[in-house]
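2 protein chains.
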Amino acid sequence: MAGPAGLTPGDAGDPAGRATILDVAAAAGVSRQTVTRAMNGMEGISAATKKRVLAAAEALAYRPSRFGRGLVLGGEQQLGLIVDDLRNPYSPALAAAVVRAAAGRGWNVMLADIALTGDADRMVEALGVQTDAVVGYFGKRAPEWIALLGSVPVVELDPSGPVTGAAVHLDPGDAVERLVEHLLAAGVRHPVVLDAAGPDLPSRRATRMRAAFADRGLHVAVEPVAEPTAERAAAATERLLRQDPRPDAVLAFNDVMALGVLAACRRAGVDVPGEVRVVGVDGLPLGALVAPALTTLEVDVDEVARQALDLAVGMVAGRTPRSGADAERTVRHRLLLRESA
Amino acid sequence: MAGPAGLTPGDAGDPAGRATILDVAAAAGVSRQTVTRAMNGMEGISAATKKRVLAAAEALAYRPSRFGRGLVLGGEQQLGLIVDDLRNPYSPALAAAVVRAAAGRGWNVMLADIALTGDADRMVEALGVQTDAVVGYFGKRAPEWIALLGSVPVVELDPSGPVTGAAVHLDPGDAVERLVEHLLAAGVRHPVVLDAAGPDLPSRRATRMRAAFADRGLHVAVEPVAEPTAERAAAATERLLRQDPRPDAVLAFNDVMALGVLAACRRAGVDVPGEVRVVGVDGLPLGALVAPALTTLEVDVDEVARQALDLAVGMVAGRTPRSGADAERTVRHRLLLRESA
DNA sequence: GGCGCTACCGTGAACGTTCACGGTCGGGCG
DNA sequence: CGCCCGACCGTGAACGTTCACGGTAGCGCC
Chain A
1 MAGPAGLTPG DAGDPAGRAT ILDVAAAAGV SRQTVTRAMN GMEGISAATK KRVLAAAEAL
61 AYRPSRFGRG LVLGGEQQLG LIVDDLRNPY SPALAAAVVR AAAGRGWNVM LADIALTGDA
121 DRMVEALGVQ TDAVVGYFGK RAPEWIALLG SVPVVELDPS GPVTGAAVHL DPGDAVERLV
181 EHLLAAGVRH PVVLDAAGPD LPSRRATRMR AAFADRGLHV AVEPVAEPTA ERAAAATERL
241 LRQDPRPDAV LAFNDVMALG VLAACRRAGV DVPGEVRVVG VDGLPLGALV APALTTLEVD
301 VDEVARQALD LAVGMVAGRT PRSGADAERT VRHRLLLRES A
Chain B
1 MAGPAGLTPG DAGDPAGRAT ILDVAAAAGV SRQTVTRAMN GMEGISAATK KRVLAAAEAL
61 AYRPSRFGRG LVLGGEQQLG LIVDDLRNPY SPALAAAVVR AAAGRGWNVM LADIALTGDA
121 DRMVEALGVQ TDAVVGYFGK RAPEWIALLG SVPVVELDPS GPVTGAAVHL DPGDAVERLV
181 EHLLAAGVRH PVVLDAAGPD LPSRRATRMR AAFADRGLHV AVEPVAEPTA ERAAAATERL
241 LRQDPRPDAV LAFNDVMALG VLAACRRAGV DVPGEVRVVG VDGLPLGALV APALTTLEVD
301 VDEVARQALD LAVGMVAGRT PRSGADAERT VRHRLLLRES A
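In the order they appear, the protein sequences are chains A and B. Residue 119 in UniProt numbering is what sits at position 119 of the first sequence, and the numbering runs on without skipping anything. Residue 49 in UniProt numbering is what sits at position 49 of the second sequence, and the numbering runs on without skipping anything.
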């Protein structure tokens, strides 16, 4: 168990570079194939030889090249996942779901964050080189990046623009209708939507919410926030609370922003849901931890992950078309009525 | 832009499998090398030929094999990151930091979750095959998994047992001393540590906290919780609050558990920090969103990521030794005094 | 002694790409 | 006309691994 002393990698003549299977074969006095047999636990090798080969491999710090192996074996299936910003808890919630779904099918997941990465273009391109399919949020630059990915199959998640290929849509469906009914029944008259200022404003969610209110004869102000963070939402809420008439319901773009709204209300001494009702979107578990517990439009990330993976593997296998109706799925939001509204 | 109609991949004789560079060469009536020149924007090719080659590539849905390319180019650097459970917000916070640090060095990050994955052994092994170095939380099974990784350089994060290789340690250092001083000065007499029931109990954190109290002549009860989740912590807290004497301070293993403690106190009508003081560990941003804002021992995830990557790339390059004093770094906790204690 | 069988091991070939070099062809120049 | 040069393009070789097959030795059996 103690590390073999005095052995640095490339201990024989090799000045640099990893040891290859031929180095091990030479060191053990056998052929390539015998090394393969030893390393991969195949039959057709004596116990003594196997031991000798493994010792040589250990001494040379030999590790099979994933490229050499992948070349002949046809490669493990590798999925690229693009998320918007890992600091927003929704991203990891989704990532967790995707990792789980992928593991079930024997796929590995490679994670990329386009908000955190300086050179997003390079990142996307690298992802295309390293993976067999890519799933994720592309936002406004979807066409550009999908082009950058070359012919790697792509599944867009909740696309904002017109879809160019496969996609999993998020549909507020009747959850938003029921939410609006609920708010109106509670006496809400001055609702405000706190929208995330993406490239295209207002967002689809905001539009959908506004439409639901408009159907029932109520006008909704849409307040754009520079970044979809709790801090920005809190700052925006402070402004809103000073308005006249004061909003009696704040619908946030996502749960994290809604948490910021709750914090701002608490600091301002405004009772939730008594004076202001607050709702989010995403259904994050941590929404149940705060007081009052957050009412939200929950998205079933496991279902999203399942559908996305289904599309991705289908496209890789050549079953699913790369675009068109068969390449689109829809996952519905669920209304999660807790305490804040 | 419109997809070329009537062209399915493998449109010529090929019954299955992706098109190779030779297929493109044949289709365009040129040689391999010319295809390479066209695809990679190299010089020594006429504009007309280049256009013809690119058209053929497009038609055949050709995509360079990452294995073939990696084999000759020596491979992009790829880092594996093992986290415990993505549903705990600390994991993504760390992952975000690692992704950022890695992107700065031109590395890609592949994410694995050992809690979510059914067959963790297989996952770890696959990670070893696909990456050039692995960083992460291995927990109790560290030796076993490091062995499984073969000769892939490994950096353990906050190892619980004795370190077998490189590691980044988390040191509560004087932050915990100052915390205990603060609690004692506030009149705390019956502190309880809510520990995460890992394989080795009590955890290093719990031990450290207990020692700090013991140094000042106070005994601390350690309460193990089956899982390090908010729900479990809340349930445990309900039990604790019925004890006599009732604890006047609860030190949780991490922030998520501390949030569970806060929720339980709120439900029980117990004032924080008036009647019970609550402390977490991690320094998650969301700890500032709850009421009262969570006092915690913050860990600088960016610094952890930097150190870990430094070790990893050093080992890959052969600079840093695989074990020993030079292969270990330490990052100190910081006391973040907010409202809950 | 010849035959076949088993256990063990080695040798071409292939995977898909890029590098280094060699070839061809047209044209300018003395 | 002979020479050289630049622009363009093609051909072996190499990367590291595994698969399919071929070889050799030992041994039992007729």
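Built from N, CA and C at the ideal position, the CB exists for glycine as well.
Just the C-alpha distance for A/E144 and A/D121, rounded to the nearest angstrom, thanks. Counted from its first residue, the first sequence places residue 144 of chain A at position 144. Counted from its first residue, the first sequence places residue 121 of chain A at position 121. For A/E144 and A/D121, the distance between alpha carbons rounds to 9 Å.
By the 7 Å beta-carbon criterion, what residues does the segment 115-129 of chain B contribute toward chain A? Among the residues of the segment 115-129 of chain B, those with a Cβ less than 7 Å away from any Cβ of chain A are L116, T117, G118, M123, A126, V129, in the order of the chain.
Let me check understanding here. Comparing Cα to Cα, which of B/L336, B/L335, B/D310 lies closest to B/G106? For the purposes of this step, residue 106 of chain B is taken as residue 106 along the second sequence, with counting starting at 1. That would be B/D310, whose Cα lies nearest to the Cα of B/G106.
For B/V316, I'd like the list of residues in its chain whose CB is within less than 8 Å of its CB, leaving aside the five on either flank, ordered along the chain. Indexing the second sequence from 1 puts residue 316 of chain B at position 316. Only residues of its own chain outside the window of five on either side were considered, and among them Q77, D132, A133, P153 have a CB closer than 8 Å to the CB of B/V316, listed in chain order.
Taking the C-alpha atoms as reference points, what is the distance between B/G10 and A/G318? In the second sequence, the residue the question calls residue 10 of chain B occupies position 10. In the first sequence, the residue the question calls residue 318 of chain A occupies position 318. Residue placement at B/G10 cannot be trusted, given a pLDDT of 35 that sits under 50; what the coordinates show is reported in the next sentence. Rounded to the nearest angstrom, the gap between the Cα atoms of B/G10 and A/G318 is 10 Å.
Which word fits A/E223, buried or exposed, when buried means at least 16 other C-beta atoms lie within 10 angstroms of its C-beta? Counting from one through the first sequence, the residue named residue 223 of chain A turns up at place 223. A/E223 comes out buried.
Same chain, Cβ closer than 6 Å to B/V35, five either side skipped, listed in chain order: On the second sequence, residue 35 of chain B is found 35 positions in, with the first residue counted as 1. Here the set comprises I21, V24, A25, V53.
I'd like to know whether the C-beta of A/F67 is nearer than 8 Å to at least one C-beta of chain B. As a first step, residue 67 of chain A must be located in the first sequence, where it is residue number 67. So yes, A/F67 belongs to the interface.
Counting along the chain, where does the beta strand (DSSP E) carrying B/M110 start and finish? For the purposes of this step, residue 110 of chain B is taken as residue 110 along the second sequence, with counting starting at 1. Its beta strand (DSSP E) spans residues 108-113.
Which of the three DSSP states, helix, strand or coil, is assigned to A/H169? Here the question's residue 169 of chain A lines up with position 169 in the first sequence. If DSSP states are grouped into helix, strand and coil, A/H169 belongs with the strands.
Could you compute how far the alpha carbon of B/D214 sits from the alpha carbon of B/F138? Translated into the one-based positions of the second sequence, residue 214 of chain B becomes position 214. Translated into the one-based positions of the second sequence, residue 138 of chain B becomes position 138. Note that residue 214 of chain B is Ala in the sequence shown, not Asp. For B/A214 and B/F138, the distance between alpha carbons rounds to 30 Å.
Chain A partners of B/N108, CB-CB under 7 Å? Residue mapping note: residue 108 of chain B aligns to position 108 of the second sequence, counting from 1. Against chain A, a Cβ distance below 7 Å from B/N108 picks out M110, A126, Q130.
Quick check: B/R322 and B/G165, are their CB atoms within less than 8 Å of each other? For the purposes of this step, residue 322 of chain B is taken as the residue at position 322 of the second sequence. For the purposes of this step, residue 165 of chain B is taken as the residue at position 165 of the second sequence. It is a contact, given that the beta carbons lie within the stated cut-off.
B/V99 lies in the alpha helix (DSSP H); which residues open and close that run? Residue mapping note: residue 99 of chain B aligns to position 99 of the second sequence, counting from 1. Residues 90-104.
Going by DSSP, what residue range makes up the alpha helix (DSSP H) through B/P143? Numbered from its first residue, the second sequence carries residue 143 of chain B at position 143. Element bounds for B/P143: 142-148.
Neighbourhood of B/P4 by C-beta, 8 Å cutoff - its chain only, sequence neighbours within 5 removed: Here residue 4 of chain B refers to the residue found at position 4 of the second sequence. With a pLDDT of only 37 at B/P4, under 50, the local geometry of the prediction cannot be trusted, and no value is derived from it.
For B/V83, does the three-state DSSP call read helix, strand or coil? Counting from one through the second sequence, the residue named residue 83 of chain B turns up at place 83. Looking at B/V83 - three-state DSSP - the assignment turns out to be strand.
Do the segment 330-339 of chain B and the segment 164-180 of chain B touch if we need at least three Cβ pairs shorter than 8 Å? The segment 330-339 of chain B vs the segment 164-180 of chain B: in contact.
Which residues does DSSP list as the beta-bridge partners of B/E156? On the second sequence, position 156 is the one that residue 156 of chain B refers to. Residue pairing by DSSP puts B/E156 in a beta bridge opposite B/G136, B/A167.
What does DSSP give as the partner residue(s) for B/V278 in the beta ladder? Looking up residue 278 of chain B in the second sequence gives position 278. Answer by DSSP bridge pairing, in chain order: B/V250.
What does a CB cutoff of less than 6 Å around B/V124 pick up in its chain, not counting 5 residues either side in sequence? Residue mapping note: residue 124 of chain B aligns to position 124 of the second sequence, counting from 1. Excluding positions up to five away in sequence, the list reads W145, L148.
Do B/V163 and B/E328 have their CB atoms nearer than 8 Å? Taking the first residue of the second sequence as position 1, residue 163 of chain B is located at position 163. Taking the first residue of the second sequence as position 1, residue 328 of chain B is located at position 328. Against a cut-off of 8 Å, the Cβ pair of B/E328 and B/V163 comes out as a contact.
Hey, could you find the ends of the alpha helix (DSSP H) B/T330 is sitting in? Taking the second sequence and counting its residues from 1, the one referred to as residue 330 of chain B is at position 330. First-last for B/T330: 328-332, but that is the beta strand (DSSP E), not the alpha helix (DSSP H).
When DSSP labels each residue in this structure, what does B/V272 get in the three-state scheme? Start at 1 with the first residue of the second sequence, and residue 272 of chain B comes out as number 272. Looking at B/V272 - three-state DSSP - the assignment turns out to be coil, as it is neither helix nor strand.
Cβ neighbour criterion (16 or more within 10 Å) applied to B/A142: To locate residue 142 of chain B, count along the second sequence from 1; it is residue 142. Per the 10 Å Cβ criterion, buried.
Taking A/V220 as the reference, which of A/A226, A/L241, A/A206 has the closest Cα? Walking along the first sequence from the start, residue 220 of chain A turns up at place 220. Nearest C-alpha to A/V220: A/A206.
Between which two residues does the beta strand (DSSP E) holding B/T207 run? Looking up residue 207 of chain B in the second sequence gives position 207. Looking at the DSSP string, B/T207 is not in any beta strand (DSSP E); the run it does join, the alpha helix (DSSP H), is 204-215.
Under 8 Å Cβ-Cβ, which residues of chain B neighbour A/L71? As a position in the first sequence, residue 71 of chain A is number 71, starting the count at 1. Correct list: S65, F67, G68, L71.
Alpha-carbon to alpha-carbon, B/F253 and B/C265: Counted from its first residue, the second sequence places residue 265 of chain B at position 265. Counted from its first residue, the second sequence places residue 253 of chain B at position 253. Going from the Cα of B/C265 to the Cα of B/F253 covers about 17 Å.
Neighbouring residues, chain B, relative to A/D113 (Cβ below 7 Å): Walking along the first sequence from the start, residue 113 of chain A turns up at place 113. Chain B residues near A/D113: A96, V99.
Which value, in whole angstroms, describes the spacing of the CA atoms of A/A305 and B/A305? By one-based count along the first sequence, residue 305 of chain A stands at place 305. By one-based count along the second sequence, residue 305 of chain B stands at place 305. Rounded to the nearest angstrom, the two C-alpha atoms are 28 Å apart.
For B/S340 and chain A, any beta-carbon pair shorter than 8 Å? Numbered from 1 along the second sequence, position 340 holds the residue referred to as residue 340 of chain B. Judged by the 8 Å Cβ criterion, B/S340 is not in contact with chain A.
Give every residue of the same chain whose Cβ lies closer than 6 Å to the Cβ of B/M39, excluding the five residues on either side of it in the sequence, and list them in chain order. For the purposes of this step, residue 39 of chain B is taken as the residue at position 39 of the second sequence. Beyond the five residues adjoining it in sequence on each side, B/M39 comes within less than 6 Å, by CB distance, of no other residue in the same chain.
Taking 8 Å as the threshold (beta carbon to beta carbon), is A/R87 in contact with chain B? As a first step, residue 87 of chain A is located in the first sequence; it is residue number 87 there, counting from the start. By this cut-off, A/R87 is an interface position.
Cβ-based contacts, 7 Å cut-off: residues of the segment 286-311 of chain A near chain B: Per Cβ criterion, the list reads L286, L289, V290, A291.
Coarse secondary structure for A/G325, derived from DSSP in three states: If you number the first sequence from 1, residue 325 of chain A lands on position 325. A small fix is needed here, since residue 325 of chain A is Ala in this sequence, not Gly. Note: A/A325 maps to helix in three-state DSSP.
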